[in-house]
Amino acid sequence: MRICSWVLCLGMISSPQASLRNPFVIPLPRCEETLKQLDDWHLKGTVGSSSRRIALMAPPQHPPLRVSIDTEIMAGVSVVAIGIAHVSVSLAGICGGAHYHWHLYVK
88 MRICSWVLCL
98 GMISSPQASL
108 RNPFVIPLPR
118 CEETLKQLDD
128 WHLKGTVGSS
138 SRRIALMAPP
148 QHPPLRVSID
158 TEIMAGVSVV
168 AIGIAHVSVS
178 LAGICGGAHY
188 HWHLYVK
């Protein structure tokens with residue numbers, strides 16, 4: 088019994104929720120936190136035909152990823168549309184049906 092309680096305490100101490108946080112910063116809800124992370128992603132381009140298009144998405148400080156429709160780029164964030172110059176993702180599991188969009192602007 089005693090060993091089990093020590094293991095439980097050790098598990099609680101080592102969990103991410105047990106880390107110290109700044110008491111002066113209001114914790115963001117999961118939806119806002121995810122949207123803030125998506126702000127740092129960049130659309131580098133799209134290739135393919137209208138029936139099978141692939142986008143090149145660059146997450147912050149990581150190499151670009153090739154994504155297609157139904158690819159999950161983050162937990163709860165799935166690609167729902169890829170056009171010639173845009174990508175849309177759904178945050179249905181996080182933000183109750185919200186979508187996020189990236190656009191390429193050609194000069």
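Residue numbers (this note's numbering): 88 to 194. Yeah, the Cβ is synthetic: ideal placement off N, Cα and C, and Gly gets one too.
- By the neighbour-count definition (other C-beta atoms within 10 Å, threshold 16), residue 142 is a buried residue.
- The way I'd put it, the segment 115-125 doesn't touch the segment 150-157; fewer than three beta-carbon pairs between them come closer than 8 Å.
- In the three-state reduction of the DSSP assignment, residue 139 falls in the coil class, being assigned neither a helical nor a strand state.
- Per DSSP, residue 156 lies in no alpha helix (DSSP H) segment and is marked neither H nor E.
- Annotated as distal: residue 185 and residue 175, with beta-carbon spacing of 8 Å or more.
- Between the C-alpha atoms of residue 190 and residue 180 there is a straight-line separation of about 23 Å.
- Counting other Cβ atoms within 10 Å of its Cβ, residue 134 stays below 16 and is therefore classed as exposed.
- For residue 187, the closest C-alpha among the options 131, 124 and 132 is that of 124.
- The bridge partners DSSP lists for residue 130 are 144.
- In the structure shown, residue 181 adopts helical secondary structure according to DSSP, grouped into three states.
- If you draw a straight line from the Cα of residue 183 to the Cα of residue 126, it comes to about 18 Å.
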